[in-house]
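In this note's numbering, the protein residues as written are 59 to 392.
Just below is one structure, and these are the notes that go with it.
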Amino acid sequence: MSNNFSEKIISWYLEKGRKDLPWRNNISPYRVWISEIMLQQTQVKTVIPYFKKFIERYPDIDSISQASEDELLAIWSGLGFYKRAQNIFKAKEIIKNDFSNKFPDKFEEILMLPGIGRSTAGAIMAIAYKKSYPILDANVKRVITRYSGIDEFSKTKLDKALWLESTKLKADKKIFEYTQGVMDLGATVCTAKNMNCKNCPLNKECESAFKSLNKGLLLPKSKKLKKEKMDYVLAYTLDKILLIKRDKKRFWQSLWVPIEKNSGIIIDHSKAESINKINISHKLSHLELVISVSLLKFKKPFDVLSNSEVYWINKIDIDNIGVPKPIKDILVTL
Ligand code: SF4
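Below you can see the structure in the form of structure tokens.
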């Protein structure tokens with residue numbers, strides 16, 4: 059059964075949709091998967107160069123099947139939310155072992171892969187397999203909330219109501235165009251900060267059309283970030299840098315960072331040729347990191363006693379390991 063909402067979205071997409079985005083060419087389940095994971099919590103313009111780089115290195119499921127977690131974290135460096143790369147690693151191992159290295163084509167199987175929730179699985183089904191499944195990413199939530207005039211009550215009830223509405227409104231045919239259209243409309247016309255109702259194809263039936271922006275309606279809340287202090291000792295030589303694989307779960311897990319001052323690893327400052335200090339601040343989604351790094355230059359590498367993975371890594375290999383962006387910004391200057 060067709061509906062006005064989906065028909066209008068499809069016509070609008072065919073005329074004005076962003077068809078030139080790199081993941082909208084040579085569509086495959088693999089490419090849709092990688093793009094959808096990258097687009098979780100990250101804006102389109104940030105994702106584009108990362109997606110291109112990722113696909114150049116790993117163009118298909120065969121090419122990614124032998125990649126190590128370190129290699130995936132390296133190519134993800136700077137994109138943030140590194141758990142996503144770790145989930146891609148886990149998922150491609152499952153695809154290799156349980157699905158003969160073929161991306162699954164059933165919704166329930168896709169949903170079981172790490173890092174893939176109901177909306178991402180729906181997007182893969184709709185875009186890659188052209189099967190009519192609803193999605194509910196942040197853009198779609200906003201459009202549907204405004205269009206149907208859904209009031210915010212408890213989060214669980216809101217999510218349930220939005221899924222029902224998204225299921226009701228989705229297209230039965232041309233689901234490919236519909237899904238990308240509704241995402242695009244939320245990203246370009248019915249945005250969090252601006253309702254461009256004049257140019258919106260839904261403005262005749264939309265419950266919120268031409269009304270002032272409802273402040274309580276799914277607007278991104280500007281939150282005050284909690285500060286967290288980090289003290290690092292960065293030992294380096296002319297061509298090597300001493301790094302440790304971070305094992306803390308809260309953020310940057312499995313990425314390579316300098317030695318934390320309170321890690322128990324002892325570095326003898328008196329042998330350093332030069333000592334400098336850098337202070338930087340870096341925002342994560344939930345924290346502001348206030349990072350202090352002591353830069354210690356040594357003549358040659360020395361042995362380090364630790365149960366953790368600590369290595370003197372060649373400077374020229376920095377691009378081949380996963381390093382958080384603010385740390386990498388320092389490393390490239392050494
Ligand atoms: S008419 Fe306005 S509020 Fe309604 S979906 Fe379009 S842009 Fe959003």
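C-beta: ideal position from N, C-alpha, C; glycine also.
Computed from a predicted structure; not experimentally measured.
| field | SER266 CB to nearest heavy atom of the ligand SF4 below 8 angstroms | value | SER266: yes, Cβ under 8 angstroms from the ligand SF4.
| task | Return the residue from the list SER224, LYS251 and PRO384 that minimises the CA-CA distance to LEU194. | result | With distances taken between Cα atoms, LEU194 lies closest to SER224.
| ALA293 bridges to which residues according to DSSP? | In DSSP, ALA293 forms a bridge with LEU354.
| request: Measure the Cβ-Cβ separation of TYR294 and GLU318 and say whether it is below 9 angstroms. | output: Cβ atoms of TYR294 and GLU318: not closer than 9 angstroms.
| said: I need the straight-line Cα distance from SER60 to LYS282, nearest angstrom please. | reply: Residue placement at SER60 cannot be trusted, given a pLDDT of 44 that sits under 50; what the coordinates show is reported in the next sentence. One C-alpha to the other measures close to 44 angstroms.
| said: Taking the alpha-carbon of ALA196 as reference, which of ARG204, PRO117 and TYR108 has the nearest alpha-carbon? | reply: Of the candidates ARG204, PRO117 and TYR108, the one whose C-alpha sits nearest the C-alpha of ALA196 is ARG204.
| DSSP three-state call for ASN334: helix, strand or coil? | The answer is strand: DSSP assigns ASN334 an E or B state.
| query | Anyone know if the C-beta pair for PRO107 and SER93 falls short of 9 angstroms? | reply | No, these two residues do not count as a Cβ contact at 9 angstroms.
| query | Does the Cβ of ASN61 lie closer than 8 angstroms to at least one heavy atom of the ligand SF4? | reply | Outside the cutoff, so no.
| field | Backbone CA spacing between ALA264 and ILE182 [nearest angstrom] | value | Residue identity differs from the one stated: residue 264 is Cys in this sequence, not Ala. CYS264 and ILE182: Cα-Cα distance of roughly 27 angstroms.
| query | Using the C-alpha atoms, what's the distance from ARG82 back to PHE268? | reply | So the alpha carbons of these two residues sit roughly 32 angstroms apart.
| Can we count ARG76 as close to the ligand SF4, meaning its CB is less than 8 angstroms from some heavy atom? | No heavy atom of the ligand SF4 is found nearer than 8 angstroms to the CB of ARG76.
| Run through DSSP, which three-state label would LEU393 get? | Shown here, the chain extends from 59 to 392; a query on residue 393 therefore has no answer.
| field | Every unbroken alpha helix (DSSP H) inside the region 199-250 [4 residues or more] | value | With a minimum length of 4 residues, the continuous alpha helix (DSSP H) runs that stay inside the region 199-250 are 213-227 and 233-246.
| Quick one: does the C-beta of VAL201 sit closer than 8 angstroms to a heavy atom of the ligand SF4? | Using a cutoff of 8 angstroms, the CB of VAL201 counts as near the ligand SF4, since one of the ligand's heavy atoms is closer than that.
| task | Compute the minimum distance between the beta carbon of LEU260 and the heavy atoms of the ligand SF4, and state whether it is under 8 angstroms. | result | Here the distance from the Cβ of LEU260 to the nearest heavy atom of the ligand SF4 is below 8 angstroms.
| task | Would you tell me roughly how many angstroms separate the C-alpha atoms of LEU130 and GLN101, rounded to the nearest one? | result | Here the alpha carbons of GLN101 and LEU130 stand approximately 20 angstroms from one another.
| Is ILE95 near ILE174, with beta carbons less than 9 angstroms apart? | For the pair ILE95 and ILE174, the CB atoms are nearer than the 9 angstroms cut-off.
| request: Verify whether the separation of the beta carbon atoms of GLY380 and TYR140 is less than 9 angstroms. | output: One thing to note: GLY380 has its Cβ within 9 angstroms of the Cβ of TYR140.
| query | DSSP beta-bridge partners for LEU347? | reply | Partner(s): GLU286 and HIS340.
| message | Is any non-hydrogen atom of the ligand SF4 found closer than 8 angstroms to the C-beta of MET241, if you look at the structure I gave you? | response | Checking the 8 angstroms criterion, the Cβ of MET241 is out of range of every heavy atom belonging to the ligand SF4.
| message | Output needed for LYS303: all residues of its chain with C-beta closer than 7 angstroms, excluding positions within five of it in sequence on either side, in chain order. | response | Around LYS303: SER312, TRP314, SER366 and GLU367.
| query | According to DSSP, is MET170 helix, strand or coil? | reply | Residue state for MET170 is assigned as coil, using DSSP reduced to three classes.
| query | Do you know offhand how far ASN155's Cα is from LYS373's? | reply | The C-alpha of ASN155 lies about 35 angstroms from the C-alpha of LYS373.
| request: State the Cα-Cα distance for the pair LYS355 and ILE133, rounded to the nearest angstrom. | output: If you take the alpha carbons of LYS355 and ILE133, they lie about 28 angstroms apart.
| query | By Cβ distance below 7 angstroms, which residues in the same chain neighbour LYS273 in space, the five residues on each side in sequence not counted? | reply | For LYS273, the predicted model reports a pLDDT of 46, less than 50, meaning its position is unreliable; a value from the coordinates is still stated below. Non-local beta-carbon contacts of LYS273 in its own chain, meaning distances under 7 angstroms to residues more than five positions away in sequence, are absent.
| said: Using 9 angstroms as the threshold, is the C-beta distance between SER328 and SER364 below it? | reply: Taking the C-beta atoms as reference points, SER364 is found no nearer than 9 angstroms to SER328.
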